[in-house]
Amino acid sequence: MANQNSPVLLAETNDVRPFARLLRGIGLKHNAVMEITDAGFAVTVEEVRTLCAIAWVPTNLFTSFVYNPPSNPATFEISLDALLQCLNIFGNAGAASATTGNSAGRSKRRWAGEGEAGGGEEEADEYSGNGRKGKEKRTGMVMKWEGEGHDLNVLLTDDMRGPTTTCELRTLEPEELMNAQFDQDDMALYLIMKSEWFRDALFDLPPSCTRITLLATPPKEPVPQVQPEATISSNGRHRHRAEVGQFKILAEGDFGITELDYPNDKEVLDKFDCQEKVKFSYHSSHFTLLHRALHQSVKICLQIEKSGFLCVQIMMPLGEGVPVGGHSGILEFKMHALEEAD
Amino acid sequence: MRFRTAISNVGLLHKITRSLAALARSCVIRLSPEQVHFIVPGNESSTGVQVWSQVKVSTLFDAYKIESNANNEIWLELHLDSLLKVLRSADSSVGSVNESRNTASLTESDVTLKLNKKGQQPIWAFEIRGYTAQRKPMSITHEIPVKILSPKRQAELNEPLCPQPDIHVVLPNLLELRNIVSRLSHVADDVKVSANHDGTLELTAKSSRVNLTTTWKNLSVPTATSNDDSNPPPPPNQMFTTSVSIKGLLKFLTSHLVGGTAIACICEDHCLIAYVYIGELNEAGGVLTFFIPAKMTDD
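Chains as they are written, first to last, in the numbering used here: chain B, 1160 to 1501; chain W, 192 to 490.
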C-alpha cells in the first residue's frame, strides 16, 4: 500500500525534448490516455476503431522517476495539446527545435500542438536577433501527480536564469480504449528497416492517393515472366527480387501509380520474415499520421497479422546509458486493413 | 505652418513605426518644438490598446524647424503602412539595416522630411539623398498624404485617465516575454498579470484543460515616486492583479523591436500600463506608453 502522503508519481528530467518528441509523434488528437506504470508512461491516442497510437515512454528519459502504485491503476485522460504546449512554453521543445536541419521535408499538415510552435518559430525568425541565441537552452521538468481526482502538475524551468512555469493539467476519467492486441503468433509479415527509408517512401507517395497497399513476397518465388519491352537490367532486377523476396509499397493517385520496392538485401531490410505472399491495403490518411512519428526515429518494425492487422513500431535513438534491451521510447501504431477493393 | 527636418535616427523611427503598425492602421503624430508625440487612440485598435508616447526631438531628428500659429505645434494623422514603406526604403539606404539582398538601395544617404502641399492635399515629403552602387549621387523622394488635425479634433484626443498604479515592475526581456505570451495565446484568450513588491511577476492563463502560470522572480520594483505617505506600504507579498487580453498584450510586446527597458504598472482591475524607454533609462530619449485595458473576468 502506498504511503498516503507521497504522490503517485514524481518524475524529473533536465531536458524535456525526448519526452516531448514522443508525445508529438502521437499528437493526432486533442486528448490522450496516460497510464503510469513502473516502466514509465504509456500514452495512448485512439481514432475511433480505426487507428491506435501508443507512445511508450521509458523511465530512462527521466533523471528520477518515483512511482507509488495506488490501489486503482494509475490511468487518466489529459489534453495532449495542452501538455505539449506546456512543455514548449520556453520554446525548447517545439517541432522546429528538435529538427536536425531537415526542414525541407516538413509536412504541410499541422498536428495537434504543432501549428503554434511552427508559427511562433517563424515569427521569431522574422526578427532573428537574439531570439535563437539559446540553442543550448534546455527546459527542465518536474511532473507530479497526487492521484485520482487531482490535476497533473508540471513544473517547468528554463535552466540558468529566468522564469518558471507551473501547469495544472486537468485529469479526466479515461475513455474506453479498444487497443486491440497484436497477435505475435498469427504473424504474416515481420520486417525491420531504417525509418529514414520508410519515411522517404511515404514522402514519395502521391498526395492524391486514398489507399496504400503493402505487398510482400517471400524468397524463392517463381521468376516473373520476362517483359519483352523491359531492359535486361530491369529484368535481372526482377529476377533477383523474386529470388530473395521483397517488400513493396504501392499507391495509386490521380496521375498514376507509385510503386516502391525494397528487396530483401541485408543493407535494405534488417530483417524480413515472410512465409507466403501478403497483400493488404490501408487508409492513406493513417499513413500520413505516421510521418510525424517517424521524425528523428532510427528504425521501424512493421508487422502484419494474417488478418491484415498492421502494427508499426517506431524506435527513437537510444539515449546515453540505456542498458542492452532497453529503449529510449517507442511509438506504436496499429490499424486494420481496408476491405479489398476489386 | 512650416515643418522641415533631417532624420538622424532612421532606424529608430522605423522600429517605432513598426511597433505602432502592429497596433493600428493609422496614428496621430503631434510635433512640437521639443517633443514628438506618437499617439494611437483607443478606437484605432481592435483591442483597445492605446499608445501615448513622447520622444525627444533630438533622439530622432536633426536641424529641426517647426512653425505654426498654434504654439508652433503641428498635429497630423497618417497611415502607418505608407510611412512604414517609406522608412523601409530610407532605412536600407542609410545602412542601418543590413539587407544585402536589396542591391537597388542607395548607400550613405541622408534623409530629410518636409511638410508640403500638393494642390489641396498636405503631404509629408521624404527625400533620401545618397549614392547608387556605381557611386553616382541620386535622390529619391517619397510623398505620403497626411491629414492636419483641426483644433477640435486635437481637443478630442485625451490621454486615458488612470488611478494611481498599485505597483511598478521592470519587465524581463520583451522578446522572451513575447515568445512566452504568444504560446499562452493558444491556451486562453486572456491572461492574468500579477506582481508584488518582492519583484515577482506572474502570468496566468486558464482554460478548461490546463492552468498555466509563468513566474519571474527578483525583478526590480522601482519605488513609487509619489509622496503621499498617508497609506502604509502594502505587504511585499501582496499580489496586484489585472486581466488583459493576450492579443492586446502581444501588440504591446511587438515593441520589443525598440529594445529598451520596459516597466509595467498594474492598476488593479483597471488597466496595465507599460512604458518602453528608448535608449537608456537615465538618458530618457523618449518613452512609449501603452495602455492596455483590463478585461473583466468572472473570478
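Glycine is no exception: its CB is placed at the ideal position from the N, C-alpha and C atoms. The model shown is predicted, which means the values in this text are computed figures rather than measured ones.
Item                                                                                                                                : Value
Where the region 1325–1352 of chain B meets chain W: residues whose CB sits under 9 Å from a CB there                               : T1325, C1326, E1327, L1328, R1329
Proximity of L1490 of chain B and A1170 of chain B at Cβ, strictly below 8 Å                                                        : no
For G1404 of chain B and P1377 of chain B, believed in contact at Cβ under 8 Å, the rounded distance                                : 5 Å
Whole-angstrom C-beta distance between A1241 of chain B and R326 of chain W, which should lie under 8 Å                             : That pair is no contact at about 59 Å.
CB of A1375 of chain B within 8 Å of CB of F1341 of chain B, strictly                                                               : no
Rounded distance between the beta-carbons of N200 of chain W and T238 of chain W, thought under 8 Å                                 : 29 Å between Cβ atoms; not a contact.
Contacting positions in the region 364–393 of chain W - beta carbon closer than 7 Å to chain B                                      : L366, N370, I371, S373, R374, H377, V378
Same chain, Cβ closer than 8 Å to L1346 of chain B, neighbours up to 5 away in sequence not counted                                 : The question names Leu, yet the displayed sequence has Met at residue 1346 of chain B. For M1346 of chain B, where only same-chain residues beyond five positions count, the Cβ hits under 8 Å are D1432, Q1462, I1463, E1464, K1465.
Given 8 Å, three or more beta-carbon pairs between the region 339–359 of chain W and the region 254–266 of chain W                  : yes
When W:E299, W:R320, W:P336, W:I319 are compared against Q311 of chain W, the one with the closest alpha-carbon                     : W:P336
T1298 of chain B at chain W interface by Cβ criterion, 8 Å                                                                          : no
Candidates B:C1245, B:L1364, B:T1369, of which the one nearest R1329 of chain B by Cα                                               : B:C1245
Cβ-based burial, T1172 of chain B [other Cβ within 10 Å; buried from 16]                                                            : buried
Contacts of T1234 of chain B in chain W (Cβ-Cβ under 8 Å)                                                                           : What T1234 of chain B touches in chain W: nothing, since even the nearest Cβ is about 18 Å away.
Exposure of S446 of chain W, with buried meaning 16 or more beta-carbon neighbours within 10 Å                                      : buried
Three-state secondary structure assigned by DSSP to D1432 of chain B                                                                : strand
Beta strand (DSSP E) segment containing Q1472 of chain B, residue limits                                                            : 1469–1474
Proximal chain W residues relative to G1250 of chain B, where beta-carbon distance stays under 7 Å                                  : N370
Cutoff 8 Å: R292 of chain W Cβ touching any chain B Cβ                                                                              : Residue confidence is low: R292 of chain W scores 48 on pLDDT, short of 50, so the model does not pin down where it sits. Its coordinate-derived value is still stated next. Not one chain B Cβ lies under 8 Å of R292 of chain W.
Bridge partner(s) assigned by DSSP for F194 of chain W                                                                              : W:I257
The region 1476–1493 of chain B in contact with the region 1388–1400 of chain B per 3-pair CB rule at 8 Å                           : no
Classification of T1203 of chain B by the beta-carbon crowding that lies within 10 angstroms, buried from 16 upward                 : buried
Neighbourhood of F1178 of chain B by C-beta, 6 Å cutoff - its chain only, sequence neighbours within 5 removed                      : L1220
Cβ-Cβ distance between N1251 of chain B and R1370 of chain B below 8 Å                                                              : no
Residue-chain proximity (R400 of chain W, chain B), Cβ-Cβ < 8 Å                                                                     : yes
Proximity test, Cβ basis, 8 Å: T332 of chain W and chain B                                                                          : no
Proximity winner among B:D1420, B:G1467, B:H1454, B:I1391, relative to M1475 of chain B (alpha-carbon distances)                    : B:H1454
Cut-off 8 Å between Cβ atoms - residues of its own chain near N307 of chain W, not counting five sequence neighbours on either side : P313, I314, W315, A316, E334
Beta-carbon proximity check, S1440 of chain B vs L1497 of chain B, cutoff 8 Å                                                       : yes
G321 of chain W - DSSP class collapsed to helix/strand/coil                                                                         : strand
H359 of chain W vs P413 of chain W beta-carbon contact at 8 Å                                                                       : yes
Residues within the region 1215–1246 of chain B neighbouring chain W, beta-carbon criterion of under 7 Å                            : S1238, A1241, Q1244, C1245
Local Cβ density within 10 Å of L375 of chain W, reported as buried at 16 or more and exposed below that                            : buried
S491 of chain W versus I331 of chain W: straight-line alpha-carbon distance, rounded                                                : With chain W covering 192 to 490 only, the question about residue 491 of chain W has no answer from this structure.
Chain B within 8 Å of T404 of chain W, Cβ atoms only                                                                                : yes
Residues bridged to E334 of chain W (per DSSP)                                                                                      : W:A316
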